Amino acid sequence: MTPKVKIVSPGEFRPAPGAAVGVDFETFYTGTYSVKSMGLYPYVNDPRFSAWAVAVSDGSSVCSCEPTKFPWERIAGREWVSHHREFDRSVFARLQADGKTPAGVGPCEWHDSAAACAFLQYPRDLKGACREVLGIEVDKGVRRSLRGQKDDGDLFAACGMSDEEAAYVANDAVMCLKLWREIGWRWPQHERALFEATCMMARRGVCVDWMMVDNAIKGLGRVVEGCRKAIPWNPSLSDKLFKLACGDLGVVPPASLAVGDEDYAAWLKMHEGKKCAGWALAMSRLRRANRLKKVLESMQSRRRGSDGRMVYELKYFGATTGRWAGTGGLNMQNFNRKEVEGLDIRKVIVAPPGSTLVVCDYSQIEARMLLWIAGDEKTLQLLRDHPDMDIYEVHARSTMGYTNPMPLEKWCEQNGSTLRQYAKARVLGLGYRCGAGTFVRVAKMMAKLELSFQEAKQAVNDYRASNPLVVGVWERLEDDAYKSWEAGRDHVVPLPCTSYDSRCGRLLFYRDLKVLDGGFGKGMTAMIAGERCPLHGGIITENIVSGASRDVMASAWLRCLKAGYSPVMTVHDELVFEVPEATAAADLAKISSIMTEPLAWAPGLPLKVGGKLMKRYGK
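In case it helps, our numbering puts the sequence shown at residues 12 to 630.
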């Protein structure tokens with residue numbers, strides 16, 4: 012697509028005074044050498060790295076050229092806009108480090124149109140964002156044709172690009188600037204500050220026990236090799252070959268080799284001592300060990316210099332509710348809490364010498380938020396009156412008839428009761444309108460509770476009867492969505508912080524509503540972040556609860572920064588800090604106090620933080 016602006020040479024490019032500019036780099040990559048396969052920082056710091064083009068637009072003209080030929084001084088000190096800024100920022104930093112762009116040149120502010128799109132729940136990718144925000148289809152076919160082809164130093168000699176290439180290279184800069192002008196103003200300042208804090212935290216990185224990582228990789232390598240030797244079709248380890256081998260023995264293979272899968276465990280027991288069971292165990296163990304080995308190797312590739320720290324990537328607004336997400340092939344939001352081959356991967360993250368990790372986690376924040384949104388004052392008061400009582404016991408006392416003065420957990424231990432497990436399953440599984448079939452799985456996964464379908468159905472009915480305020484939230488939200496559909500408009504739900512202060516701009520967007528089979532009772536769908544998803548009152552409730560809980564965390568993060576505490580990592584509802592050993596206890600108390608400060612937009616919400624001091628994370 013040729014942009015509707017004038018493409019000019021480097022010598023002709025004269026951006027309008029004071030105008031923000033769109034900046035986009037094109038870099039060399041292949042199928043195996045790419046950001047997607049390696050992660051941002053390993054990719055940019057690799058010896059193969061080559062930035063073969065830059066495009067800069069002020070909205071009326073655009074210049075596409077090799078980065079060393081661009082007149083960087085003409086945009087110095089301006090606002091720059093990129094789509095996925097951290098990529099372009101890292102490329103620019105590498106070029107400066109290599110002496111390929113002038114030292115000391117840079118923006119006064121560097122914006123990210125992708126992050127703004129994510130905040131407004133549009134697709135994050137440029138093609139999808141342009142389609143949904145601007146109504147423009149962006150052709151990425153040229154980019155695919157250029158893969159791995161433009162890493163020679165003379166690409167742009169004498170303006171040697173084809174018109175198609177020049178238009179393609181220019182277009183991304185033009186489009187990201189158009190996006191920013193269209194929606195950037197809707198991205199609140201405090202959210203921009205949170206985005207910056209997220210990026211800075213990931214660039215700072217965490218301290219890692221590299222000796223532990225190196226030894227673990229070696230040990231896992233030995234496990235992988237041993238497992239390979241136990242499989243006759245080594246080194247091919249496909250499910251297809253395994254199924255064929257089982258067929259030769261007259262054995263029906265399991266549907267899954269996942270550890271913890273009930274059917275797989277039963278299959279192993281049935282075929283104990285047989286060759287097929289040995290193969291299955293070797294394959295399952297190999298996959299788990301190899302998966303962990305690759306994660307550790309990915310960590311190694313992110314090691315920064317000699318300071319022992321590891322940089323990583325963390326996606327701001329990674330979910331439609333605003334929560335963060337792992338990215339770049341290393342998902343630190345989803346480190347396995349179970350040991351694999353004797354290793355808890357979380358423990359490789361350590362405090363640097365002379366420091367201690369302060370780990371503060373919001374206790375049952377989403378369950379508390381649901382009660383607050385529903386206005387269940389009875390249960391909320393129990394939480395306030397008994398701050399040391401967990402949410403499961405509070406639920407049992409408020410809605411399940413438990414009145415014994417003994418703590419529920421202790422009473423269950425003495426009486427061999429599963430009441431606490433049952434309460435836990437209800438709290439975690441039934442607040443968002445799940446049915447009996449789903450609850451059977453939830454109860455087993457979340458509370459290790461085996462329920463029949465009939466037992467689950469009774470639990471669902473009991474919960475809804477004893478929690479009418481929660482049910483009322485589902486029904487009200489569903490009715491509101493239906494009214495939006497009837498009116499032919501998108502459904503927009505303000506989150507509590509925005510209901511209190513409109514400047515927060517925190518909204519849930521359900522676009523292009525459709526009612527299935529012509530009747531609301533048959534189901535509804537909506538476009539959410541560019542994907543069509545099912546929609547009902549329970550889902551909207553879950554989204555509001557998750558989004559509002561995220562806002563509690565975001566508010567705490569910003570308050571901690573203001574108090575001089577910068578986290579090095581966040582996982583779900585947890586913030587992790589490095590503090591001096593000498594002041595660790597005082598810092599833990601201070602951070603916990605900051606995180607439990609009452610929120611103006613959530614009056615009466617009882618917050619609880621569990622805080623720990625650690626030398627090694629996850630211990």
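Don't be surprised by glycine CBs; every beta carbon is placed ideally from N, CA and C.
Computed from a predicted model, the values in this text were never measured in an experiment.
In the DSSP assignment, find the unbroken alpha helix (DSSP H) run with residue i in it and report its ends.
| i | result |
| --- | --- |
| residue 201 | 200 to 215 |
| residue 552 | 548 to 573 |
| residue 299 | 286 to 312 |
| residue 64 | First-last for residue 64: 62 to 68, but that is the beta strand (DSSP E), not the alpha helix (DSSP H). |
| residue 606 | 595 to 606 |
| residue 230 | 221 to 240 |
| residue 186 | 174 to 194 |
| residue 488 | 479 to 498 |
Return the first residue and the last residue of the beta strand (DSSP E) that residue i is part of.
| i | result |
| --- | --- |
| residue 366 | 366 to 373 |
| residue 509 | Taken as a continuous stretch (DSSP letters only), residue 509 belongs to no beta strand (DSSP E), being part of the alpha helix (DSSP H) at 507 to 511. |
| residue 35 | 32 to 38 |
| residue 535 | 535 to 539 |
| residue 591 | 585 to 591 |
| residue 581 | 580 to 582 |
| residue 525 | 518 to 526 |
| residue 90 | 90 to 93 |
| residue 121 | 120 to 123 |
| residue 73 | 72 to 76 |
| residue 382 | Looking at the DSSP string, residue 382 is not in any beta strand (DSSP E); the run it does join, the alpha helix (DSSP H), is 376 to 385. |
| residue 86 | Per DSSP, residue 86 belongs to no beta strand (DSSP E) and is neither H nor E. |
With burial defined as no fewer than 16 other Cβ atoms inside 10 Å of the residue's Cβ, what is the status of residue i: buried or exposed?
| i | result |
| --- | --- |
| residue 169 | In this predicted model, residue 169 has a pLDDT of only 34, less than 50, meaning its place in the structure is not dependable enough to derive any value. |
| residue 105 | buried |
| residue 508 | buried |
| residue 397 | exposed |
| residue 165 | With a pLDDT of 41 at residue 165, under the threshold of 50, the modelled position of this residue cannot be trusted; read the value that follows with caution. Exposed. |
| residue 367 | buried |
| residue 226 | exposed |
| residue 395 | exposed |
| residue 665 | Missing from the structure shown is residue 665; the chain here goes from 12 to 630 and no further. |
| residue 595 | buried |
| residue 470 | buried |
| residue 35 | buried |
| residue 388 | exposed |
| residue 15 | exposed |
| residue 284 | exposed |
| residue 163 | With a pLDDT of only 44 at residue 163, under the threshold of 50, the placement of this residue in the model should not be trusted; the figure read from the coordinates follows. Exposed. |
| residue 259 | exposed |
| residue 255 | exposed |
| residue 498 | exposed |
| residue 503 | exposed |
| residue 408 | buried |
List the whole-angstrom C-beta distance separating residue i from residue j, where the pair is believed to meet the contact cut-off of C-beta under 8 Å.
| i | j | result |
| --- | --- | --- |
| residue 563 | residue 373 | 7 Å |
| residue 435 | residue 458 | 4 Å |
| residue 327 | residue 414 | That pair is no contact at about 46 Å. |
| residue 11 | residue 33 | This structure does not reach residue 11, given that the chain is present from 12 up to 630, and the question cannot be answered. |
| residue 218 | residue 334 | Contact flag wrong, Cβ pair sits at about 25 Å. |
| residue 46 | residue 98 | 7 Å |
| residue 361 | residue 627 | 5 Å |
| residue 561 | residue 605 | The Cβ separation is near 17 Å, so there is no contact. |
| residue 371 | residue 585 | 7 Å |
Determine, using beta carbons only, whether residue i and residue j come nearer to each other than 7 Å.
| i | j | result |
| --- | --- | --- |
| residue 180 | residue 68 | no |
| residue 340 | residue 309 | yes |
| residue 523 | residue 538 | yes |
| residue 82 | residue 21 | yes |
| residue 548 | residue 488 | yes |
| residue 102 | residue 62 | yes |
| residue 385 | residue 481 | yes |
| residue 127 | residue 195 | yes |
| residue 94 | residue 124 | yes |
| residue 120 | residue 90 | yes |
| residue 599 | residue 369 | yes |
| residue 541 | residue 134 | yes |
| residue 380 | residue 559 | yes |
| residue 205 | residue 574 | no |
| residue 223 | residue 351 | no |
| residue 312 | residue 58 | no |
Examine the ligand GDP and report whether any of its heavy atoms sits within less than 6 Å of the Cβ of residue i.
| i | result |
| --- | --- |
| residue 264 | Absent from the structure shown: the ligand GDP. Ligands present: none. |
Problem set entry | the stretch 260 to 269 in contact with the stretch 277 to 294 per 3-pair CB rule at 8 Å | yes
Exercise. If you pair each beta-carbon of the stretch 401 to 411 with each one of the stretch 430 to 442, do three or more pairs fall below 8 Å?
Worked result: yes
Exercise. Do three or more CB pairs link the stretch 603 to 620 to the stretch 499 to 515 at distances below 8 Å?
Worked result: yes
For this session: Flag this pair as touching only if the stretch 437 to 445 and the stretch 416 to 427 have three or more C-beta atom pairs under 8 Å; answer yes or no.
Result: no
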